[in-house]
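Report on the structure given below.
Residue numbers (my numbering): 16 to 468.
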């Protein structure tokens, strides 16, 4: 089975990408362009972002091509000439891609991906590249905060049913696992990405039986090695007592109840009551799993408060990033035909040229500060952007999702305490090197028609 669920049609783009492509062709503009994807500023309350979505971007670029039916659809719009439309049938991605590895933490204005390609290719892919990087980065960044708050407890993605579409449900499962979640409830994501899958039961299962005790027993006998019972359908504490009785009954048959799940009410209070009932009933081995409108703030409060909960199911607020549902990301031209280019508009000025980010660390492995500079300006630190595609061909294999997950955890471990906090702290230092400042001056002079000496 293919690992990627994404749509790869080149028509999944904005119309203006195609109208610009024809205008470039009419003007004879077929030079090499450099575009970079970055985030202008952090959402409120955030101290970092986590790069994700590179695998999907590279899959999209590798499959880039127009079918005859797609070209016919464009012809029906009446906006494009025949010569341009015919040229699309031969279009493939022939450029270079540099990017931060998935799981890498990054900060405002730092490019997480650079595409260098013939202008029409680099322009065409703008919308979909942004779309893929934006969503997975958004979710991975949110999920990383949940993982920090959970302090090692089990975390399961419960987000499919309220995800903004099937692709979002799949990609949020992937992004959250990358960022530190233990697994997902989305079965297809487990199959496609090799993510551990988890499942309990729904309230409907309990309601469909004539009584709660019967529901619990029938489920436990059907799933003897994976028994987590949902106990808040009617009366949580009364249900916990039924679980104690059932655990004794099933013990003789070699069936063990692993956990009970709470999904409503005051989770802290109910967890303490249920824990007491289970312990006093001789079932201390049964753990408590909680879900229901959870996010990093609620998880932090439950963990800090000492609630006896061993794991959390987190869905809607994570895979919609409810408190910060979008990133101020951009994909901007930084060089064309060998000359630096940049925007200077108010609030949206950009840095020109092909850039690199260097990261410095303390002797104990904490991140210390980044330097943003032009490619080739060697400075202290570890370069973050790596080559993945050259002339349309992969030059570096992507790590497995498991390996990317290990990298993401190492990145989170390298955060100083004030950046691990859920509230905004002192901004992480990103130094703009003089070489980049000088290149910006050159770009401004070129744009203004001023001679350079």
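Don't be surprised by glycine CBs; every beta carbon is placed ideally from N, CA and C. Computed from a predicted model, the values in this text were never measured in an experiment.
{"Item": "Chain-order list of residues whose beta-carbon lies under 7 Å from that of residue 17 (same chain, five-residue window excluded)", "Value": "The predicted position of residue 17 is uncertain, since its pLDDT is 46 and thus under 50; a value taken from the coordinates is nonetheless stated next. None."}
{"Item": "Cutoff 7 Å; reference residue 160; Cβ partners in own chain excluding five residues on either side", "Value": "311 and 437"}
{"Item": "Nearest to residue 240 (by Cα), restricted to the options 257, 270, 233 and 248", "Value": "270"}
{"Item": "Collapsed DSSP secondary structure at residue 291 in the structure displayed", "Value": "helix"}
{"Item": "Contact between the region 320 to 337 and the region 170 to 186 (3+ Cβ pairs under 8 Å)", "Value": "yes"}
{"Item": "Unbroken stretches of the alpha helix (DSSP H), 4 residues or longer, contained in the region 360 to 448", "Value": "416 to 428 and 432 to 435"}
{"Item": "Residue 62 burial status per 10 Å Cβ neighbour count (16 or more: buried)", "Value": "buried"}
{"Item": "With 16 other Cβ atoms within 10 Å as the buried cut-off, status of residue 466", "Value": "exposed"}
{"Item": "Sequence-distant residues of its chain with Cβ nearer than 6 Å to residue 224 (five each side left out)", "Value": "230"}
{"Item": "Spatial distance of residue 450 from residue 355 (CA atoms)", "Value": "13 Å"}
{"Item": "Chain-order list of residues whose beta-carbon lies under 7 Å from that of residue 497 (same chain, five-residue window excluded)", "Value": "Nothing in the structure corresponds to residue 497, since the chain is present only between 16 and 468."}
{"Item": "8 Å Cβ cutoff met for residue 198 and residue 213", "Value": "yes"}
{"Item": "For residue 133: DSSP bridge partner residues", "Value": "47"}
{"Item": "In DSSP terms, what residue 347 is bridged to", "Value": "51"}
{"Item": "Check whether residue 50 and residue 365 have beta carbons under 8 Å apart", "Value": "no"}
{"Item": "Spatial neighbours of residue 12 in its chain, beta-carbon cut-off 7 Å, leaving aside the 5 residues before and after", "Value": "There is simply no residue 12 to check, as the chain begins at 16 and stops at 468 in what is shown."}
{"Item": "Short Cβ contact (8 Å threshold) for residue 320 with residue 170", "Value": "no"}
{"Item": "Counted within 10 angstroms of its Cβ, other Cβ atoms place residue 94 as buried (16 or more) or exposed", "Value": "exposed"}
{"Item": "Buried or exposed (CB count within 10 angstroms, at least 16 for buried), residue 308", "Value": "exposed"}
{"Item": "Where residue 276 falls: helix, strand or coil (DSSP)", "Value": "strand"}
{"Item": "Three CB pairs or more closer than 8 Å across the region 64 to 78 and the region 381 to 392", "Value": "no"}
{"Item": "Entirely enclosed alpha helix (DSSP H) segments - the region 188 to 229, minimum 4 residues", "Value": "202 to 208 and 218 to 223"}
{"Item": "Close Cβ partners of residue 306 (< 7 Å) along its chain, the five nearest in sequence each way excluded", "Value": "173, 276, 278, 327 and 328"}
{"Item": "Chain B contact for residue 45 (CB, 8 Å cutoff)", "Value": "Absence of chain B from the displayed structure is noted, only one protein chain being present."}
{"Item": "Residue burial classification, residue 370 (beta-carbon count within 10 angstroms, cutoff 16)", "Value": "buried"}
{"Item": "Pairwise C-alpha distance: residue 129 and residue 403", "Value": "10 Å"}
{"Item": "CA-to-CA distance, residue 461 to residue 367, given in whole angstroms", "Value": "12 Å"}
{"Item": "Top-ranked residue by Cα proximity to residue 64, from 151, 73, 87 and 446", "Value": "151"}
{"Item": "Burial state of residue 157 (16 or more Cβ within 10 Å)", "Value": "buried"}
{"Item": "Residue 192, buried or exposed, once every other Cβ within 10 Å from all chains shown has been counted against 16", "Value": "buried"}
{"Item": "Buried versus exposed call for residue 474 [16 or more other C-beta atoms within 10 Å across all chains shown]", "Value": "The requested residue 474 does not occur in the structure, where the chain is confined to residues 16 to 468."}
{"Item": "Neighbourhood of residue 447 by C-beta distance below 6 Å, restricted to the same chain and skipping five residues each side", "Value": "387"}
{"Item": "Span separating the alpha-carbon of residue 428 from that of residue 359", "Value": "37 Å"}
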